[in-house]
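K.L.:
Per full-length UniProt numbering, the very first residue in the sequence shown carries number 1; after that it's consecutive.
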Amino acid sequence: MFYPIAIEAGDESTAFGVTVPDLPGCFSAGDTLEDAVKNAKEAIIGHLELMVELEQDIPAVSELKSVMKDPAYTGYVWVLVEVDVTRILGGSEKINVTLPKLLIDRIDRCVATHPEFKTRSGFLAQVALERIAKTR
């Protein structure tokens, strides 16, 4: 999954601050921009592990363009951080799903134009997480 992170610029005396809008309470920092991104990835993994341990639902990942519109992050630098959630969510299991061809074609077109999904399975998993989060 690609998590959008908002980075507040630092300088020689102040660290770069990181906020993860999709994970309330998940913050990080780094002395350099590179450190801030690396530390943010570690913070996201730790935050997700804690949520799973506490049996909390993992929130859906927002599209970058939607979180960038939030006025709370005016002036922040945005980065997408790739986090492999397979281990956190319990690994992958292959299933057989039957869908109409037209729907499969539309899913494939969506995946082709939205690299954050990577694969058809990634798309279906993300949509399922979003729907589950809305029903609770």
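Don't be surprised by glycine CBs; every beta carbon is placed ideally from N, CA and C.
To which residues does DSSP link S28 through a beta bridge?
P.N.:
Here residue 28 is taken as the residue at index 28 of the sequence shown, counted from 1. For S28, the beta-bridge partners assigned by DSSP are V18.
K.L.:
Grouping DSSP H, G and I as helix and E and B as strand, with all else coil, what is V4?
P.N.:
For the purposes of this step, residue 4 is taken as the residue at position 4 of the sequence shown. Sequence inspection shows Pro at residue 4; the Val mentioned does not correspond to that position. It is a strand residue.
K.L.:
Using a threshold of 8 Å, state whether the C-beta atoms of V111 and R120 are closer than that.
P.N.:
The residue given as residue 111 occupies position 111 in the sequence shown. The residue given as residue 120 occupies position 120 in the sequence shown. Going by C-beta atoms, V111 is nearer than 8 Å to R120.
K.L.:
Roughly how many angstroms lie between the CA atoms of E42 and V18, to the nearest whole one?
P.N.:
Looking up residue 42 in the sequence shown gives position 42. Looking up residue 18 in the sequence shown gives position 18. About 12 Å.
K.L.:
To which residues does DSSP link E93 through a beta bridge?
P.N.:
Position 93 of the sequence shown, counted from the first residue, corresponds to residue 93. Among the bridge pairs identified by DSSP, E93 is matched with none.
K.L.:
Leaving out the 5 sequence neighbours to the left and right, which residues in its chain are closer than 6 Å to F2 when beta-carbon positions are compared?
P.N.:
Here residue 2 corresponds to residue number 2 of the sequence shown, with the count starting at 1. For F2, where only same-chain residues beyond five positions count, the Cβ hits under 6 Å are L80, E82 and E116.
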